[in-house]
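The sequence shown lines up with residues 9 to 647 when you count with the working numbering. Beta carbons: idealized from backbone N, C-alpha and C, even for Gly. Down below is the structure, laid out as structure tokens.
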Amino acid sequence: MMRLSTSKRQNLQMLSFGLVFIVGAQVATQFIARSLKFSPSLGSPFAILGETLIYPFYKFFSWSSEFQHTYPQAINEASLYFGITVLVGAGVVAALRLLDDKSLNRGADTYGSARFGTGRELKEAGLLGGGGIVLGQFNKGKEVVTYSGEGHVLITAPTRSGKTVGPVIGTALTYPHSVIFYDLKGELWDATAGFRAQFSYPIYFNPFNEKSARFNPLREVPHGINEVKEVRNIVSDLVAPGEGEKEDHWIRAARTLIEGLVLHVLYSEKDKTLGQVAKLLFDPTQTPEQLFALMLSTPHMEGGGVHIEVAQVARAMLDMAPNEQSGVVSTARQHLSIYRDPVVAQSVSESDFALEDLQFGKHPVSLYFCVNTDGMAAISPLFRVILNQLLRRISSDFKRTKKEGRALLMMLDEFPQLGKMAFVEQGLAYLAGYNVQVVAITQSEGQLKRIYGQHHTISDNMLVRLHYATQEEREAEALSRALGTTTRVISTKSKTKKKGVFDTTGSRPSTENEQHISRRLLTADEIMCLDQNKAILRAVNQRAFLIEKLRYFEHPVLRERIIPPPPLEDRNKGAYRFRPKLRDCYWDSLQYIDFDEMRAILREMDEKKSDDSPEKQREHVDEEVVERVNPQYVSVDVP
């Protein structure tokens, strides 16, 4: 598209205004001359057209001063004509300029209209100066960028890029409701628990720390028709394939075995914990077959019956070939070995808090999942269990949650380190309706794909996304595409040179042309080289915004809120003024069974030198235990 250059258009417009001014002055000059009947005192004209004398336009200004008192009416009317002419002419020129600009802009978005949003648009979107999740700052730190909506937030930020000292700690120091923090290394607890203790109950949960709060996930299992489903959900999170592994027969079989053991422990053992489940599996005083026989003959139910699920699992294990049984037991032990650690076992021995209090307690709760990086892989299944238990509990009663439940924020730093949580992935689509908001923080989208697969839906359910500069080319290219394309105007100059030394025509005037081209708003390279103090904010139905990073130690208000955390030694001494009371649990009321006689019988049987084959012994071991311990159990229908 061939057009005049911008500079030439501006020069032409200035020339037009100058001509309008001259024409106006000329009209006023001729009016004065005509009013004075072309008096000789006006001087000599510079041209004569018929009987009309034409005077220079600038005479208007000298005559206005000279004849103002002598001919005031003529001068005043001439000034009026001058003003009207200039205003009308200027209006015409301005209209022509506007039409020209519209003509130029008609193709300004031919190839795309992407651009970064303005401060006004940021405010209109509700992302400036409100409460909620802290995302950054704007206008050289004068205003804080926050998100107070109900949608979920995804933050993509490489390690050491400032996400913890910015959005995470910034939100922890401003969010007034309940929060769950996934706190690697415990730095969030150190920085924010002191402030949050002023209005909430802060809970430090680190299974590797003997001063940690305790939580027994088995205590959250409901008694009755839903108990089996809840146990299966717990075990599904505990026994899951690692990153890059597939779910195979051994994983599924180990899962089934642990499900039966958990139910057996709940109904019969005094210590109803995961530590006790591990203790049974690793018990050196009995063989696996003796354990399964014990499960098959224990009076779990009122009236002396065996729990049907426990019986099915025990029978299935007894019927397995020795090698298969050994493989299943080995896999189950592998996933429960962490609970042999006495500190970890203590952390799940009782409950110092109830999940229900996160939404229904009198005061907010601040729950910190703390763990060092070296223990992250081992303990992340337990964190998955607790998170999924919480979400299932919340989503089980919509009316109560909607009416009484307080807002709950899940601030999950290094989200992929928790492993795959299918319930969370599915729940993102509806959790906002239960007053639950998720902030998932990952180093890259690639991490999510490795855990949840290429076609995961986590990103799709995030209404707000915050991006820091990345060094992954594919990540940068994907973000560049998402930001869209814009239309740019480029100018080209051309100048005809002399054909030779004997060419006397001289150089011809240069020409300048403009054309519209397509360009990414930011290229992948520009994203990778993004200013370390900048971040890209994308919100649904809004333009992208280029904002500034916020660091709590640079913000005067946030910096003042950094106070020491509560002492862990006082956890059980009433130091926390907002600590809620624990609710009663059905499992605490059950009588536990003394297994001494049962185990004595099993040891006696094991010492017998039977001539039967091992297969024959396995076939009858459970029946003999049943007959000798409690004959009425023989009638129990065990598949």
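Kindly confirm or deny that the region 380-387 and the region 428-441 touch, where touching means at least three C-beta pairs closer than 8 Å. no
By DSSP's criteria, PRO574 is part of a beta bridge. Which residues make up the other side? Along the sequence shown, one-based indexing puts residue 574 at 566. BP columns for PRO574 are empty, so no partner.
Using 10 angstroms around the beta-carbon of VAL633, count the other beta-carbons present and answer buried if the total reaches 16, otherwise exposed. For the purposes of this step, residue 633 is taken as residue 625 along the sequence shown, with counting starting at 1. Residue placement at VAL633 is poorly supported in this model, since its pLDDT is 44, which falls under 50; the coordinates still yield a value, given next. Label assigned to VAL633: buried.
Measure the alpha-carbon distance for GLN38 versus ALA102 and round it to whole angstroms. Working through the sequence shown from its first residue, we reach residue 38 at position 30. Working through the sequence shown from its first residue, we reach residue 102 at position 94. The straight-line gap from Cα to Cα measures roughly 26 Å.
With the cut-off set at 7 Å, would you say TYR442 and GLY178 are in Cβ contact? In the sequence shown, counting from the first residue as 1, residue 442 sits at position 434. In the sequence shown, counting from the first residue as 1, residue 178 sits at position 170. Their beta carbons are not under 7 Å apart, which means TYR442 does not touch GLY178 by this criterion.
Report the residue from ILE62, GLY159, ARG569 and SER121 whose alpha carbon sits nearest the alpha carbon of ARG496. Against the sequence shown, residue 496 aligns to sequence position 488. Nearest option by C-alpha distance: SER121.
Taking the Cβ atom as the reference point for each residue, do MET553 and LEU130 lie within a distance shorter than 7 Å? Translated into the one-based positions of the sequence shown, residue 553 becomes position 545. Translated into the one-based positions of the sequence shown, residue 130 becomes position 122. Residue identity differs from the one stated: residue 553 is Phe in this sequence, not Met. Yes. Within cutoff.
Note down the Cα distance separating ILE649 from LEU104, rounded to an integer number of angstroms. The requested residue 649 is not part of the displayed model; the chain covers only 9 to 647.
Whole angstroms is fine: what's the gap from LYS617's alpha carbon to ARG323's? Start at 1 with the first residue of the sequence shown, and residue 617 comes out as number 609. Start at 1 with the first residue of the sequence shown, and residue 323 comes out as number 315. With a pLDDT of only 46 at LYS617, under the threshold of 50, the placement of this residue in the model should not be trusted, and no figure is reported.
According to DSSP, which residues form a beta bridge with ARG496? Along the sequence shown, read from residue 1 onward, the residue named residue 496 stands at position 488. ILE525, per the DSSP bridge assignment.
Can you check DSSP and say which residues form a bridge with GLY144? Against the sequence shown, residue 144 aligns to sequence position 136. Paired residues: VAL153.
Three-state secondary structure (DSSP) at MET22? Walking along the sequence shown from the start, residue 22 turns up at place 14. Three-state DSSP puts MET22 in a helix.
Could you tell me the distance, in whole angstroms, from the CA atom of ASP256 to the CA atom of VAL243? Locating residue 256 in the sequence shown gives position 248, where the first residue counts as 1. Locating residue 243 in the sequence shown gives position 235, where the first residue counts as 1. Within the model, the alpha-carbon separation for ASP256 versus VAL243 is close to 15 Å.
Opening and closing residue of the alpha helix (DSSP H) in which GLN367 lies: By 1-based counting over the sequence shown, the position of residue 367 is 359. Segment 365-368, the alpha helix (DSSP H) holding GLN367.
Residues in the same chain with beta-carbon distance under 7 Å from VAL35, minus the five sequence neighbours each way, listed in chain order, please. Here residue 35 refers to the residue found at position 27 when the sequence shown is read from its first residue. Only TYR89, PHE90 and THR93 meet the Cβ criterion.
Verify whether the separation of the beta carbon atoms of VAL472 and VAL161 is less than 7 Å. Start at 1 with the first residue of the sequence shown, and residue 472 comes out as number 464. Start at 1 with the first residue of the sequence shown, and residue 161 comes out as number 153. The answer is yes: Cβ separation under 7 Å.
Look at ASP421 and ILE466 and say whether their C-beta atoms are less than 7 Å apart. Along the sequence shown, read from residue 1 onward, the residue named residue 421 stands at position 413. Along the sequence shown, read from residue 1 onward, the residue named residue 466 stands at position 458. No, these two residues do not count as a Cβ contact at 7 Å.
Tell me the residue span of the beta strand (DSSP E) that contains GLU74. Locating residue 74 in the sequence shown gives position 66, where the first residue counts as 1. Unbroken run through GLU74 is the alpha helix (DSSP H), 67-74; no beta strand (DSSP E).
Could you compute how far the alpha carbon of THR494 sits from the alpha carbon of HIS463? Taking the first residue of the sequence shown as position 1, residue 494 is located at position 486. Taking the first residue of the sequence shown as position 1, residue 463 is located at position 455. Cα to Cα, the separation comes out at about 29 Å.
With a threshold of 16 other CB atoms inside 10 Å of the CB of PRO80, please say whether the residue is buried or exposed. Translated into the one-based positions of the sequence shown, residue 80 becomes position 72. When all chains shown are included, PRO80 counts as exposed.
So the candidates are ASN396, LYS254, LYS278 and ARG240; which of them puts its Cα closest to the Cα of ALA263? Position 255 of the sequence shown, counting from 1, holds the residue named residue 263. The residue you asked about is not Ala; residue 263 is Arg in the sequence shown. The candidate whose alpha carbon is nearest that of ARG263 is ARG240.
Would you tell me roughly how many angstroms separate the C-alpha atoms of LYS428 and VAL444, rounded to the nearest one? Your numbering for residue 428 matches position 420 in the sequence shown. Your numbering for residue 444 matches position 436 in the sequence shown. Those two C-alpha atoms are separated by around 19 Å.
Where do the N-terminal and C-terminal ends of the alpha helix (DSSP H) with ALA180 fall, by residue? Along the sequence shown, one-based indexing puts residue 180 at 172. ALA180 -> alpha helix (DSSP H) spans 177-180.
Taking the continuous alpha helix (DSSP H) assigned at VAL460, which residues delimit it? As a first step, residue 460 must be located in the sequence shown, where it is residue number 452. A small correction: the amino acid at residue 460 is Tyr; Val does not occupy that position in the sequence shown. Counting along the chain, the alpha helix (DSSP H) containing TYR460 begins and ends at 453-460.
Closest to ARG227 by C-alpha separation, out of PRO249, VAL273, GLU218 and GLY159, would be which residue? Indexing the sequence shown from 1 puts residue 227 at position 219. The candidate whose alpha carbon is nearest that of ARG227 is VAL273.
Helix, strand or coil for SER8 per DSSP? Given a span of 9 to 647 for the chain in the structure shown, any question on residue 8 remains unanswerable.
For ALA448, the three-state DSSP class (helix, strand or coil): Taking the sequence shown and counting its residues from 1, the one referred to as residue 448 is at position 440. Looking at ALA448 - three-state DSSP - the assignment turns out to be strand.
For the alpha helix (DSSP H) that contains PRO330, what are its first and last residues? Within the sequence shown, the letter at position 322 stands for residue 330. Element bounds for PRO330: 330-344.
Spatial distance of LEU136 from GLY127 (CA atoms): The count along the sequence shown starts at 1 and reaches residue 136 at position 128. The count along the sequence shown starts at 1 and reaches residue 127 at position 119. In a straight line, the C-alpha of LEU136 is about 8 Å away from that of GLY127.
Counting pairs of Cβ atoms below 8 Å between the region 359-375 and the region 205-221, do you hit three or more? yes
For LEU135, which three-state DSSP category applies? Taking the sequence shown and counting its residues from 1, one reaches residue 135 at position 127. Coil at LEU135, not helix or strand.
Can you find the residues in the same chain that come closer than 6 Å, C-beta to C-beta, to TYR347, ignoring five residues on each side of it along the sequence? Looking up residue 347 in the sequence shown gives position 339. LEU282, GLY283, ALA286 and ALA353.
GLY139: buried (16+ other C-beta within 10 angstroms of its C-beta) or exposed? Start at 1 with the first residue of the sequence shown, and residue 139 comes out as number 131. Exposed: under 16 other Cβ atoms inside 10 Å.
So, at 6 Å on beta carbons, what are the nonlocal neighbours of PHE300 in its own chain, with the 5 sequence-adjacent residues on each side left out? Counting from one through the sequence shown, the residue named residue 300 turns up at place 292. The residues are ALA322, MET325 and LEU326.
If the criterion is Cβ atoms closer than 7 Å, does the pair THR478 and ALA484 meet it? Here residue 478 is taken as the residue at index 470 of the sequence shown, counted from 1. Here residue 484 is taken as the residue at index 476 of the sequence shown, counted from 1. Yes, the Cβ-Cβ distance between THR478 and ALA484 is below 7 Å.
Can you tell me which of the three DSSP states PRO296 falls into? For the purposes of this step, residue 296 is taken as residue 288 along the sequence shown, with counting starting at 1. Note: PRO296 maps to helix in three-state DSSP.
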